[in-house]
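Student:
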Amino acid sequence: MPGARRVIERCRELATFTEVAGETTRPFLCESARAVQGLVRQWMESAGLEVRLDGMGNLRGVSARADASTTRLLLGSHLDTVPRAGAFDGVLGVVLAIEAVAADGLPIAVEVIGFSEEEGVRFRRPFLGSLAAVGRGAELHGLRDAAGETVAEALRSFGVDAGAETGLAPEAAAYVEVHIEQGPVLESLDRPLGVVEAIAGQSRYTLRFVGQSNHAGTTPMHLRRDALAAAAAWLVAVEGYARSEEGLVATVGRVEARPGASNIIPGEVTATLDVRHRDDAVRERAGQELLTRAQTTAERRGVAVEVRVELAQAAVAMDAELVGMLTSAAAEATGSTPPRMTSGAGHDAMIVAGRVPSAMLFVRSPGGLSHHPDETVRTEDVAAALMTLRGVLRMFGERSTPERTEAAHA
Ligand code: HGY
Ligand code: MN
Ligand code: MN
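At position 301 of the sequence shown (counting the first as 1) the number is 302 in my numbering, and the numbers step up by one without a gap.
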């Protein structure tokens, strides 16, 4: 399994490029992202791909065969990370795709895309790279990060030519993304690979609880407007509500209390809310209910709540035919039919699917761990994923897809 070992070594090498020493933290267009782009560019070029940076900072590696006459298979995932990330979320899909296409005699034209931003950490809006690739970049340029810098300014200072072609080639026929499962299902089934049928929708909000800072020693309890007490009571309600609804997950991932001194009653709290479910109606209802509970919990303490909707992303079904191809290729590679799964994590595939038929292959996450430094993969599972992806390339090479290309762009 030399290819699989090289993929894992490369992912671990990319994990050393970070904004914070001792962990892997690599948000959109940060300096360590530049170093990662340099290395991935080298690997793409030695795999025979022609490489360029598009107008949203996505790294685009196109095979020599790709031209308007041939259908093109898109492969890839994202290169940015969450704070204190593991070494495989996103990058595995890019590095493994490069390894798969590096083999001689590509049966079909391919384009490997290293999306510049999927996690939504810096600008609070996820999928910036893939949204731009499907033609929605213009709506993103005005987004501001915590320092007040816009996406457009960040692209400029990073040296990205914002005018560089970013859309998908008209001959793009399909998109296949390999990604770690980031959950416990494949390990519980003792299976190396899974095929994603659908990706759960997700809603993301930022809430601002506004009370009254005051002296911690002189302000009686009944005269307080404690923003953190209100947010904390709400947080417990979020957990209780999510536990009561099958398949619903709701997370308050960040809470910041200000002014933040031990002898001052917190007058202001910023909190995030992430709500997900495979059924959009359940997710939307849950989001509304949890925002209502924030208001009532706060009102009881004389605290006001402001809400900003950061994302309302509907659930997305993967392309049935591609799911079938991935299932057969994985069955051939592993000797058993892979389970079909719904992804609780969001992925670029849910954005690209709006433009071309898309599907995903999941690789087992030992310990079910992700968005954590101990995130890992098994070499034999990566080898199986590599064999599966090469099988999909072969299948595409054996069939012509012109009729589907028109259909895909209808
Ligand atoms: O948060 C997610 O769903 C993914 O890791 N971007
Ligand atoms: Mn992630
Ligand atoms: Mn990811």
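No residue lacks a Cβ here, since even glycine has one placed at the ideal position from N, Cα and C.
Bear in mind the structure is a predicted one, so any value in this text is a computation, not a measurement.
So the alpha helix (DSSP H) Glu257 belongs to, where does it begin and stop?
Tutor: Position 256 of the sequence shown, counted from the start, is the residue given in the question as residue 257. Unbroken run through Glu257 is the beta strand (DSSP E), 256-259; no alpha helix (DSSP H).
Student: Can you say whether Gly288 is buried or exposed, counting buried as having 16 or more other CB atoms within 10 angstroms of its CB?
Tutor: Position 287 of the sequence shown, counted from the first residue, corresponds to residue 288. When all chains shown are included, Gly288 counts as buried.
Student: At a cut of 8 Å, does the region 301-312 reach the region 204-212 through at least three beta carbon pairs?
Tutor: They touch, by the three-pair rule.
Student: With three or more C-beta pairs closer than 8 Å as the rule, is the region 248-255 touching the region 271-288?
Tutor: Output reads yes: the region 248-255 touches the region 271-288.
Student: Kindly indicate the opening and closing residues of the beta strand (DSSP E) around Phe210.
Tutor: On the sequence shown, residue 210 is found 209 positions in, with the first residue counted as 1. Note, Phe210: beta strand (DSSP E), 202-211.
Student: In chain order, what are the residue ranges of uninterrupted alpha helix (DSSP H) at least 4 long that sit wholly in the region 288-338?
Tutor: 321-335
Student: Is the number of C-beta pairs between the region 329-339 and the region 99-110 that are closer than 8 Å three or more?
Tutor: no
Student: Could you name the residues that DSSP lists as bridge partners for Thr273?
Tutor: As a first step, residue 273 must be located in the sequence shown, where it is residue number 272. Thr273 pairs with Thr207.
Student: Find out if the Cβ-Cβ distance for the pair Leu75, Tyr176 is shorter than 7 Å.
Tutor: Here residue 75 refers to the residue found at position 74 when the sequence shown is read from its first residue. Here residue 176 refers to the residue found at position 175 when the sequence shown is read from its first residue. Yes, Cβ-Cβ distance for Leu75 and Tyr176 is below 7 Å.
Student: Could you check the C-alpha separation between Arg395 and Ala385 for me, to the nearest Å?
Tutor: Taking the sequence shown and counting its residues from 1, the one referred to as residue 395 is at position 394. Taking the sequence shown and counting its residues from 1, the one referred to as residue 385 is at position 384. Whole-angstrom Cα-Cα distance: 15 Å.
Student: Taking a contact to mean a Cβ-Cβ separation below 7 Å, would you say Thr380 touches Ala334 in this structure?
Tutor: Walking along the sequence shown from the start, residue 380 turns up at place 379. Walking along the sequence shown from the start, residue 334 turns up at place 333. Against a cut-off of 7 Å, the Cβ pair of Ala334 and Thr380 comes out as no contact.
Student: State the DSSP-derived secondary structure class of Ser47, mapped to helix, strand or coil.
Tutor: Reading the sequence shown from its first residue, position 46 is the one you call residue 47. Three-state DSSP puts Ser47 in a helix.
Student: Where do the N-terminal and C-terminal ends of the beta strand (DSSP E) with Gly130 fall, by residue?
Tutor: Counted from its first residue, the sequence shown places residue 130 at position 129. Unbroken run through Gly130 is the alpha helix (DSSP H), 129-134; no beta strand (DSSP E).
Student: DSSP three-state call for Gly398: helix, strand or coil?
Tutor: Stepping through the sequence shown from its first residue, residue 398 is reached at position 397. Three-state DSSP puts Gly398 in a helix.
Student: Please state if the CB of Ala217 and the CB of Pro266 are separated by a distance shorter than 7 Å.
Tutor: Here residue 266 is taken as the residue at index 265 of the sequence shown, counted from 1. Here residue 217 is taken as the residue at index 216 of the sequence shown, counted from 1. As written in the sequence, residue 266 is Ile, which differs from the Pro given in the question. In this structure, Ala217 lies closer than 7 Å to Ile266 by Cβ.
Student: Does any heavy atom of ligand 1 sit closer than 6 Å to the C-beta of Glu120?
Tutor: One-based indexing of the sequence shown puts residue 120 at position 119. Glu120: yes, Cβ under 6 Å from ligand 1.
Student: Give the DSSP-derived three-state secondary structure of Arg11 in the structure shown.
Tutor: For the purposes of this step, residue 11 is taken as residue 10 along the sequence shown, with counting starting at 1. Correct three-state label for Arg11: helix.
Student: Any heavy atom of ligand 1 closer than 6 Å to the beta-carbon of Ala163?
Tutor: Counted from its first residue, the sequence shown places residue 163 at position 162. Answer for Ala163: no, Cβ out of range of ligand 1.
Student: Would you mind sorting Arg73 into buried or exposed? The rule is 16 or more other CB atoms within 10 Å of its CB.
Tutor: Taking the first residue of the sequence shown as position 1, residue 73 is located at position 72. Arg73 comes out buried.
Student: Could you check how far apart the C-beta atoms of Phe18 and Asp81 are, in whole angstroms? I think they sit under 8 Å.
Tutor: The residue labelled residue 18 in the question sits at position 17 within the sequence shown. The residue labelled residue 81 in the question sits at position 80 within the sequence shown. Between Asp81 and Phe18 the Cβ distance is about 11 Å, and since that is not below 8 Å, they are no contact.
Student: At the level of alpha carbons, what is the spacing between Gly94 and Ala299?
Tutor: As a position in the sequence shown, residue 94 is number 93, starting the count at 1. As a position in the sequence shown, residue 299 is number 298, starting the count at 1. One C-alpha to the other measures close to 43 Å.
Student: Nearest CA to the CA of Val364: which residue from Glu376, Pro221, Gly355?
Tutor: Locating residue 364 in the sequence shown gives position 363, where the first residue counts as 1. If we check each option's Cα against that of Val364, Glu376 comes out closest.
Student: What does the shell around ligand 3 hold, if a residue joins when its beta-carbon is under 5 Å from any heavy atom?
Tutor: Asp90, Gly91
Student: Could you check whether the Cβ of Ala346 sits closer than 6 Å to any heavy atom belonging to ligand 1?
Tutor: Residue mapping note: residue 346 aligns to position 345 of the sequence shown, counting from 1. Checking every heavy atom of ligand 1 against the Cβ of Ala346, one is found closer than 6 Å.
Student: Ignoring anything shorter than 4 residues or poking outside the region 142-224, list the alpha helix (DSSP H) runs there in chain order.
Tutor: Listed in chain order, they are 152-159, 186-190.
Student: Helix, strand or coil for Leu80? Go by DSSP, reduced to three states.
Tutor: Here residue 80 corresponds to residue number 79 of the sequence shown, with the count starting at 1. Here Leu80 sits in coil by DSSP.
Student: Would you list the one or two residues that DSSP bridges to Ser371?
Tutor: On the sequence shown, position 370 is the one that residue 371 refers to. According to DSSP, Ser371 bridges with nothing at all.
Student: When burial is assigned at 16 or more other CB atoms within 10 Å of the CB, is Ala134 buried or exposed?
Tutor: Indexing the sequence shown from 1 puts residue 134 at position 133. Per the 10 Å Cβ criterion, buried.
Student: Between Gly392 and the rest of its own chain, which residues show a CB-CB distance below 7 Å, the 5 nearest in sequence each way excluded?
Tutor: By 1-based counting over the sequence shown, the position of residue 392 is 391. Contacts found: Ala330, Glu333, Ala334.
Student: In angstroms, rounded to a whole number, what distance separates the CA positions of Gly106 and Ile99?
Tutor: On the sequence shown, residue 106 is found 105 positions in, with the first residue counted as 1. On the sequence shown, residue 99 is found 98 positions in, with the first residue counted as 1. Their backbone Cα atoms lie some 14 Å apart in a straight line.
Student: Starting from the Cα of Arg259, find the closest Cα among Ala174, Ser214, Thr26 and give me that residue.
Tutor: If you number the sequence shown from 1, residue 259 lands on position 258. That would be Ser214, whose Cα lies nearest to the Cα of Arg259.
Student: How many Å lie between Gln296 and Ala305 at the Cα?
Tutor: Within the sequence shown, numbered from 1, the residue matching residue 296 stands at position 295. Within the sequence shown, numbered from 1, the residue matching residue 305 stands at position 304. So the alpha carbons of these two residues sit roughly 7 Å apart.
Student: Please go through the same chain and pick out, in chain order, the residues whose beta-carbon is closer than 7 Å to the beta-carbon of Val256, but skip the five residues on each side of it.
Tutor: Within the sequence shown, residue 256 is the residue found at index 255, counting from 1. The residues are Ala232, Val270, Ala272.
Student: Grouping DSSP H, G and I as helix and E and B as strand, with all else coil, what is Val239?
Tutor: Sequence index remark: in the sequence shown, residue 239 carries index 238 (1-based). The answer is helix: DSSP assigns Val239 an H, G or I state.
Student: Going by Cα to Cα distance, which pick from Val102, Pro339, Gly23 is closest to Ile114?
Tutor: Locating residue 114 in the sequence shown gives position 113, where the first residue counts as 1. Checking every option, the nearest Cα to that of Ile114 belongs to Val102.
Student: Since I believe Thr25 is in contact with Ala88 (beta carbons under 8 Å), could you give me their beta-carbon distance rounded to a whole number of angstroms?
Tutor: To locate residue 88, count along the sequence shown from 1; it is residue 87. To locate residue 25, count along the sequence shown from 1; it is residue 24. Confirmed, about 7 Å.
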